[in-house]
Structure formats: structure tokens, C-alpha cells
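Chemist: In this note's numbering, the protein residues as written are 203 to 297.
Glycine included, each C-beta is placed from N, C-alpha and C at the ideal position.
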């Protein structure tokens with residue numbers, strides 16, 4: 203396996219000078235927001251969305267859209283609550 207393939211599999215971006223750079227904020231942000239799904243998996247969706255909104259706004263400011271974060275956490279919460287794969291992958295509506 204080449205260095206570039208290994209870096210891609212770990213979501214690490216490499217530049218042409220063989221220095222590695224940090225992953226872009228959205229990729230790393232999804233990983234940082236994952237614990238919210240674990241902690242709030244038994245709470246109501248409105249509480250979950252409120253927490254996600256607060257956390258994402260604190261991390262990135264007011265200019266970022268939170269829909270991707272809400273969908274990601276919703277997928278994790280559904281999986282944690284034992285929903286079937288087919289149900290989890292159905293299209294979701296964001297309130």
C-alpha cells in the first residue's frame with residue numbers, strides 16, 4: 203500500500219511536499235460531534251437539534267450550515283437505538 207493510499211484511508215490530506223496537513227474542518231468536525239449522539243441518543247429530537255446547533259455554532263461561528271451535522275447525528279442515534287439498516291438509510295426530513 204502506498205503512502206498516499208494509506209493517508210486517504212485515514213482521511214489525512216497530503217500535499218506535494220510530502221508534508222501532511224490536518225483534515226479539513228468538516229471531516230474532523232463530524233468526528234468531534236459523534237459523542238453528542240452517544241450521550242443524547244435517548245433524548246427528544248428537539249433537544250438533540252438544539253445541542254447540535256449550539257455545539258456547531260460554538261465551533262464554527264454563525265456562518266456554517268448545520269444540516270449535515272444533524273443528519274450525521276441522526277444516523278448515529280438511529281443506529282444506537284437499534285433501528286433496522288433499511289429504516290436508518292431512508293431519506294430524512296430536517297425539522
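1) Would DSSP call residue 270 helix, strand or coil?
2) What residue range does the alpha helix (DSSP H) around residue 285 cover?
3) Which term fits residue 242, buried or exposed, when burial requires 16 or more other beta carbons within 10 angstroms of its beta carbon?
4) Count the other C-beta atoms from every protein chain shown that fall within 10 angstroms of the C-beta of residue 224, then say buried if there are 16 or more, exposed otherwise.
5) Using CA coordinates, which residue listed in 267, 238 and 265 is at the minimum distance from residue 253?
Modeler: Taking the definition as stated:
1) helix
2) Careful: residue 285 lies outside any alpha helix (DSSP H) and carries neither H nor E.
3) buried
4) Low confidence applies here, because residue 224 scores a pLDDT of 49, under 50, leaving its location unreliable and the question unanswered by this model.
5) Considering only alpha carbons, the answer is 238.
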